[in-house]
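Below is one structure, written out as structure tokens; comments come after it.
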Amino acid sequence: MPTAERPPLRTHQRRALEALDQAWAGGRTRAWTVLPPGAGKPRVGRETAERLLAAGQVERAVVLGPNTAIVGQWEEQAADLGIAMTAWTYQSVAVFDPDAEVDEDGDEGSPVARLHENGRARVEELRAAGPLLLVLDECHHLLEVWGRLLADLLEELPQAMVLGLTATPPAALTGDQAGLVDTLFGGTVFEATIPAVVREGDLAPFAELVWLVTPTPHERAWVDGSAVRFAELVTALADPSFGSVPFLTWLDRRLVTRDAGGAEVSWAALAATEPALTDAALRLHHAGLLALPPGARPTEEHRRDPGADDWVALVGDWVTGHLLRSREPADLEALEGVRRALPAVGHVLTRAGVRRGRSPIDRVLARSEAKTAATVEIARVEQLALGEDRRLLVLCDHERATATLPVDLVGVLTEQAGSAHAVLAALLEDPAGADALLVTGSTVAGSATTLTALVEHVAATDPGLARTLRVRPAGGAGAGAVHRLEGAWTSRRWVPHVTRFFESGGTTVLVGTRGLLGEGWDARSVSGLVDLTSVTTTTAVVQTRGRALRTDPARPDKVAVNWSVVCVSDRHPRGDRDWQRLVRKHAGFFGVDETGEVVDGVGHIDPAFSPYAPPADHELDAANARMVLRAEDRAGIRERWRVGEPYADRAGRTVRVRTRRDGTLGAGSDPATVVVRPGVLEARTPVQRRTPMRGVVAAGVVGAGVVAAGPPAAGLAPAAVSVAAGAVLLALAVVVGLLVRRRTLALRGARLLTEAAEPPSVGQVACAVADALHACGLVAQDASAVGIDVDAGGEYRCRLDGVPEEESAVFATALDEALGPVVAPRYVLPRHVVIDRERAVAERVRAALGRPVAPDGEVWHPVPTVLGVRAERARAYAAALDRWVGGGEPVWTGSVEGAGVLAAQRGSDPFDVATVMRRHWS
8 MPTAERPPLR THQRRALEAL DQAWAGGRTR AWTVLPPGAG KPRVGRETAE RLLAAGQVER
68 AVVLGPNTAI VGQWEEQAAD LGIAMTAWTY QSVAVFDPDA EVDEDGDEGS PVARLHENGR
128 ARVEELRAAG PLLLVLDECH HLLEVWGRLL ADLLEELPQA MVLGLTATPP AALTGDQAGL
188 VDTLFGGTVF EATIPAVVRE GDLAPFAELV WLVTPTPHER AWVDGSAVRF AELVTALADP
248 SFGSVPFLTW LDRRLVTRDA GGAEVSWAAL AATEPALTDA ALRLHHAGLL ALPPGARPTE
308 EHRRDPGADD WVALVGDWVT GHLLRSREPA DLEALEGVRR ALPAVGHVLT RAGVRRGRSP
368 IDRVLARSEA KTAATVEIAR VEQLALGEDR RLLVLCDHER ATATLPVDLV GVLTEQAGSA
428 HAVLAALLED PAGADALLVT GSTVAGSATT LTALVEHVAA TDPGLARTLR VRPAGGAGAG
488 AVHRLEGAWT SRRWVPHVTR FFESGGTTVL VGTRGLLGEG WDARSVSGLV DLTSVTTTTA
548 VVQTRGRALR TDPARPDKVA VNWSVVCVSD RHPRGDRDWQ RLVRKHAGFF GVDETGEVVD
608 GVGHIDPAFS PYAPPADHEL DAANARMVLR AEDRAGIRER WRVGEPYADR AGRTVRVRTR
668 RDGTLGAGSD PATVVVRPGV LEARTPVQRR TPMRGVVAAG VVGAGVVAAG PPAAGLAPAA
728 VSVAAGAVLL ALAVVVGLLV RRRTLALRGA RLLTEAAEPP SVGQVACAVA DALHACGLVA
788 QDASAVGIDV DAGGEYRCRL DGVPEEESAV FATALDEALG PVVAPRYVLP RHVVIDRERA
848 VAERVRAALG RPVAPDGEVW HPVPTVLGVR AERARAYAAA LDRWVGGGEP VWTGSVEGAG
908 VLAAQRGSDP FDVATVMRRH WS
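Going by the numbering used here, the first residue of the sequence shown is number 8, and it counts up by one from there.
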């Protein structure tokens, strides 16, 4: 294709190439570039190769890719553009010789030295190529599998310029992977996020939804039985006769009074070394079974009852700290009870303590037949929403189950439960899935009618191949209407045919495995995805979602809906395992929620969802109904993405605040105009002191003069009478003036008292936090950058705009602490308060005149941790809070006075709000 005929570069392709040009010009020889699936990474790679080849900076371009499909695309597209590029798979290089793991001295060889001769030949070819551009496509694979090989390979190619292309965002890399990228590439040259490319219009707007199910009745009977033994243990743990040192007594000594297990340590230190134990303890506190440990501050993740993992962590501490060291008969009996119960939650008791083991409940939830039935329901929803435009992709972990079921699950799950074949069979039994087609690396299957139509489709472009194809019943248990298409072909030939058949509408539901229809497979018409897979890595999730996000020229208004199917049960202590897989899938993945905010995590599926616990079983139908409504509103999804509007492409943190009761938060948005000092109201705006009294008295003086002088002059009354009448009128004017003055002052005082009684607002506290952080040099913006939105349910969403994500997180954490209860801060601040109540006129007058008014009380607020590390920071926060809300000087809780205040105020919660922190994109 001549250069003039090429489509114009997309915004992010152009920006990526500009960043790369600048990097090469600056002397860099290695560059790591991040673009989402569908954003055009290959175009960036090809353009880079063409520019460097034309400039003579390299003499050859070689691409390494993760599979033959991706490599084939590079070869085909490079040939069309006349670019000399060689494309290999990573596997063609990274083939290791099993006999070369160690040398003759027994030392482990380098990865390059251990390559099979075919791999070494590739390396030699690269070394001999001279100035070389090496493009590593989807290079996250190298970090996951061949990180050390990549490091050694690049050392072998000192003349090479290296371009790494990936869809995996830097934030999703492990510490080791991020370190390897920084070492080998010097950090990221360019990154674009999925929301940014959607906003540009180069990816389709989309929504992430979930269909929630509980195990089938047959599975539920097993689940209930499995939960009994562990439930008996949990009941026994509350029995004070269970063990010589009962479980709850041990935890109180270990975590509250901390007189067990050696020297006392701070809660912060304990949480840093044993986070699972301390988190479990705070959830036990939430359940009312443990006092709040000194220094602990429960957050969103702790506001639920303990789960199976929490009980295991707590019991494990009791076991290793006490039971295993004791020979008391009561402790041996308790130890045996623990041993019997742990397998129900996937753990076993060993001589060293509690260890993770096999968990049948995980398999029941992951492969529940209820999930297969839900897939059929989703197919119906999508058919009703899109009709003939539906192009639904269903991804499974495996074509057929090959592992033998554990003995205790025989008769609970069928052998093929959760497999692609089982999903296909269920779809074919319903009109909404009658045209479904299964394509894997070894099979093409569907109904006889659909397969016959596929053969006719193949015949239109490859009649010779079509003549070899035969439609045959699949056979086997549960096959039902399933037929197979057999013939002289392999997946490399049938995948393109099936893809074109799918795009043309020959089938509107395509079932497959992530390995075949995931990374490298493209079908622009995919309208949505049903994710039945168990994989939870960010790389896999991004690639899986990428199948549906490509724009479709034939349907410019395309909106993709991606469904996850999740099985939960609140009848079993590990009934949240599938939910936790969903949480891990969406951690770091941005989507738009129903309010139009772009957030990561399960919050973009539904704002009511928590990453820490699934909805209760009785709430699932309502949640699914909300999902169906969103799926039907494709236009609303597109509108909420605001395609074409400006964006910063920046992640940040939002604090969501919801009041627990009325009257704890005000509504002000400006600095406080009236604050309460220990003995007076301080008005910060000019207060009108004058009253109408002068005018009343002046009028009385004039009137008295007229009465006293007028009648005698006219001969109408004696002078004495007139003077007396004038005096009376003057006195009356003075009395009325005084009454008017008193009433006016009382009204003004009442207004001041009402303003003073208004509690601080979320916005005022947020502005105080921002100003203090800015004054201390901790964030780049002050209160002017605070953004607050209020949703329809009255929830506040607070953020600090215009700062990097790290600073946004500092602000969010500090605000969360400022609005929270007094737990164990280093500094506290007093704030005097008055109550909006009936008051005597004299008190209201004193308030208006600025004379002493006794406060009704005093509340104390914690200084956020980051602002309490030094006295000057605490004073900066005190000054900011005083400006916005009103308050006193900070008090160090390590002092005698401060210790007394903390002892009296610990646990007090002036604002009484529930807060959660979420990650947002703007």
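Ideal Cβ positions, reconstructed from N, Cα and C, are used throughout, including at glycine.
Just to confirm, are residue i and residue j a CB contact at a threshold of 8 Å?
i	j	result
residue 378	residue 220	yes
residue 867	residue 837	yes
residue 204	residue 23	no
residue 815	residue 822	no
residue 618	residue 630	no
residue 446	residue 519	yes
residue 44	residue 794	no
residue 551	residue 584	no
residue 596	residue 542	no
residue 490	residue 454	yes
residue 214	residue 598	yes
residue 157	residue 133	no
residue 326	residue 352	no
residue 434	residue 386	yes
residue 440	residue 516	yes
Put residue i into one of helix, strand or coil per three-state DSSP.
i	result
residue 915	coil
residue 282	helix
residue 795	strand
residue 691	coil
residue 703	Confidence at residue 703 is low in this model, with a pLDDT of 49, below 50, so the placement of that residue is unreliable and no value is reported for it.
residue 803	strand
residue 329	coil
residue 570	strand
residue 312	coil
residue 579	coil
residue 403	strand
residue 258	helix
residue 663	strand
residue 508	helix
Between the alpha carbons of residue i and residue j, how many angstroms are there, rounded?
i	j	result
residue 498	residue 465	14 Å
residue 368	residue 239	18 Å
residue 422	residue 404	14 Å
residue 108	residue 358	Confidence is the limiting factor: at residue 108 the pLDDT is only 39, short of 50, which leaves the residue's position unreliable, though a coordinate-based value still follows. Approximately 35 Å between the Cα atoms of the pair.
residue 685	residue 861	7 Å
residue 767	residue 605	29 Å
residue 654	residue 183	31 Å
residue 609	residue 242	32 Å
residue 540	residue 671	45 Å
residue 179	residue 819	21 Å
residue 299	residue 309	12 Å
residue 25	residue 523	34 Å
residue 407	residue 427	7 Å
Should residue i be listed as close to the ligand SAH, given that the test is whether its C-beta is under 7 Å from any heavy atom?
i	result
residue 633	With respect to the ligand SAH, the structure shown offers nothing to examine, as it has no ligands at all.
Below 8 Å on the Cβ atoms is my guess for residue i versus residue j; work out the distance and round it to an integer in Å.
i	j	result
residue 144	residue 72	4 Å
residue 683	residue 840	6 Å
residue 313	residue 287	6 Å
residue 492	residue 461	7 Å
residue 85	residue 53	6 Å
residue 558	residue 211	5 Å
residue 570	residue 538	7 Å
residue 789	residue 777	6 Å
If I follow the unbroken beta strand (DSSP E) through residue i, where does it start and stop?
i	result
residue 226	Residue 226 -> not in any beta strand (DSSP E); alpha helix (DSSP H) instead, spanning 224 to 244.
residue 812	Unbroken run through residue 812 is the alpha helix (DSSP H), 812 to 825; no beta strand (DSSP E).
residue 208	From DSSP, residue 208 is part of no beta strand (DSSP E); its letter is neither H nor E.
residue 144	139 to 144
residue 95	92 to 96
Would you give the residue range spanned by the alpha helix (DSSP H) that residue i belongs to?
i	result
residue 932	With the chain covering only 8 through 929, there is no way to say anything about residue 932.
residue 372	367 to 373
residue 471	470 to 473
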